[in-house]
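Student: Here it is: the structure, laid out below.
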Amino acid sequence: MDHFELVEKLRERANVSYEDAKRALEILDRYGVGDAVCSKGVSWNVGRTFFRDSEVYNFNLLPQPDHKRPGMINLQQYYLEEFEITRAKELPNLDLRFKNKVLSVTPQGDGATLQVETPDGIYSLETDWLVVADGARSNIRRMMNLEMDGKVFMDRFLIADVVMKADFPVERWFWFDPPFHKGQSVLLHREADNVYRIDFQLGWQADPEEEKKPENVIPRIKAMLGEQLTLPEPVWTKVNLSWIAFFVVMGFLNLIIAFNFPTDIWVNYKLFGGMGLMLVFVLGQGFLLSKYVE
Ligand SMILES: Cc1cc2nc3c(=O)[nH]c(=O)nc-3n(C[C@H](O)[C@H](O)[C@H](O)COP(=O)(O)OP(=O)(O)OC[C@H]3O[C@@H](n4cnc5c(N)ncnc54)[C@H](O)[C@@H]3O)c2cc1C
17 MDHFELVEKL RERANVSYED AKRALEILDR YGVGDAVCSK GVSWNVGRTF
67 FRDSEVYNFN LLPQPDHKRP GMINLQQYYL EEFEITRAKE LPNLDLRFKN
117 KVLSVTPQGD GATLQVETPD GIYSLETDWL VVADGARSNI RRMMNLEMDG
167 KVFMDRFLIA DVVMKADFPV ERWFWFDPPF HKGQSVLLHR EADNVYRIDF
217 QLGWQADPEE EKKPENVIPR IKAMLGEQLT LPEPVWTKVN LSWIAFFVVM
267 GFLNLIIAFN FPTDIWVNYK LFGGMGLMLV FVLGQGFLLS KYVE
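Residue numbers (this note's numbering): 17 to 310.
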């Protein structure tokens, strides 16, 4: 796929995603959880795609001024479920039954009869309408011989939710073949409560049990986010003062050598001496600061 085709495909994907997200927010609005979802969720409009180090594509889903909702909302699934359950309990004609599993469906006339398993036993339920929403691997659909066309991508992903305070803009970032995760893709999304969701593509051969181990997860995250240097305020002040002092001393040393020694010694000092002292100073600081690197 050349660069032009890739950008076109990304543009198509962005438009489809926007339409899907808009529809989802409209539906949530209609059944009364749109406000809760939008106030807790992180809204974003800008997506950026990188190939290695370079940005190759970006899009802005900024809705029209008359749009009620933002382009996209990122929200953890447990929050969405909590808002939906709270709302469902308010509705008098909605009966929410946990731990009820549909065992069988028998079409009958214009409706259907279900066998439902609960911790207290099995009961049967007659219904005029049955709306099935039991997921991508729907058993109920299989029971009714309803085929679903779909594509299975032979791939594996490591999904890491990292809680951190960071200055990343609220945007969706996607990398192909980034320097920190060679040959694969990475997706970064911000969610509520300072959670950053990072999806690392691992390839089909990856061993899920091995990849889940902290000693394998943490280096991947560190390679992406870099080493975080968090210094207490007094240490920062010392670092700043030591740099000021170093340059003042270097300035005086330069004047002393320039005015008290032959020119070739001064030239040698400028070429090698100053650089050597700088190197020693930087290495010394690195050694002292290394204990603050997380
Ligand atoms: C690891 C992972 C990460 C993901 N990350 C994202 C993401 O970041 N963003 C995103 O948009 N999507 C993500 N997805 C996809 C998203 O979770 C699904 O698209 C979404 O949950 C599908 O919703 P659903 O209601 O169709 O099905 P499900 O969420 O699968 O819900 C189906 C429900 O039906 C119940 N059920 C099943 N069989 C029966 C039965 N016989 N009787 C009664 N109940 C039954 C199940 O218990 C379940 O509660 C992710 C998926 C996975 C697995």
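Ideal placement from N, C-alpha and C gives every residue a C-beta, glycine not left out. What you are looking at is a predicted structure, and each value in this text was computed from that prediction instead of being measured.
Assign K117 to one of three DSSP states: helix, strand, or coil.
Tutor: Position 101 of the sequence shown, counted from the start, is the residue given in the question as residue 117. In this structure, K117 counts as strand in the three-state DSSP scheme.
Student: In chain order, which beta strand (DSSP E) runs of at least 3 residues are fully inside the stretch 120 to 187?
Tutor: As far as the stretch 120 to 187 is concerned, its whole beta strand (DSSP E) runs of at least 3 residues are 127 to 134, 137 to 143, 173 to 179.
Student: Taking just the CA atoms, how far does D209 sit from G57?
Tutor: The sequence position of residue 57 within the sequence shown is 41, counting from 1. The sequence position of residue 209 within the sequence shown is 193, counting from 1. If I take the Cα positions, the gap works out to 9 angstroms.
Student: Alpha carbon to alpha carbon, how far is L77 from E42?
Tutor: Along the sequence shown, read from residue 1 onward, the residue named residue 77 stands at position 61. Along the sequence shown, read from residue 1 onward, the residue named residue 42 stands at position 26. Each residue's alpha carbon lies about 16 angstroms from the other.
Student: Let me confirm a value: H205 is counted as buried when at least 16 other C-beta atoms fall within 10 Å, else exposed. Which label applies?
Tutor: Translated into positions along the sequence shown, residue 205 becomes position 189. Buried, by the Cβ-count rule.
Student: Can you tell which of R64, R85, T65, Y47 has the C-alpha that lies nearest to the C-alpha of C54?
Tutor: The residue you call residue 54 lines up with position 38 of the sequence shown. With distances taken between Cα atoms, C54 lies closest to R85.
Student: Which partner residues of Y212 appear in the DSSP bridge assignment?
Tutor: Here the question's residue 212 lines up with position 196 in the sequence shown. Bridge partners of Y212: V178, R206.
Student: Residue range of the beta strand (DSSP E) that Y73 falls in?
Tutor: Walking along the sequence shown from the start, residue 73 turns up at place 57. Its beta strand (DSSP E) spans residues 70 to 76.
Student: Under the rule that 16 or more other beta-carbon atoms within 10 Å means buried, what is Y94, buried or exposed?
Tutor: As a position in the sequence shown, residue 94 is number 78, starting the count at 1. The residue is exposed, with fewer than 16 neighbouring Cβ atoms inside 10 Å.
Student: Whether or not the stretch 115 to 122 and the stretch 134 to 149 are in contact is what I'm after, with contact meaning three or more pairs of Cβ atoms, one per stretch, closer than 8 angstroms; do they touch?
Tutor: Yes: the two stretches touch, three or more of their Cβ pairs being nearer than 8 angstroms.
Student: Please work out which residues of its chain come closer than 6 angstroms, Cβ to Cβ, to I214, disregarding the five sequence neighbours upstream and downstream, and give them in chain order.
Tutor: The count along the sequence shown starts at 1 and reaches residue 214 at position 198. Counting only Cβ-Cβ distances below 6 angstroms, and skipping sequence neighbours, we find A176, L204.
Student: Could you say which of L287, S201, N270, L110 lies nearest to F66 if we only look at CA atoms?
Tutor: Taking the first residue of the sequence shown as position 1, residue 66 is located at position 50. It is S201.
Student: When the Cα of L107 is compared with those of M160, G48, D165, which residue comes out closest?
Tutor: For the purposes of this step, residue 107 is identified with residue 91 of the sequence shown, where counting begins at 1. Residue G48 is the option with its Cα nearest to L107.
Student: From F196 to N256, what does the alpha carbon distance come to, in whole angstroms?
Tutor: In the sequence shown, the residue the question calls residue 196 occupies position 180. In the sequence shown, the residue the question calls residue 256 occupies position 240. Those two C-alpha atoms are separated by around 31 angstroms.
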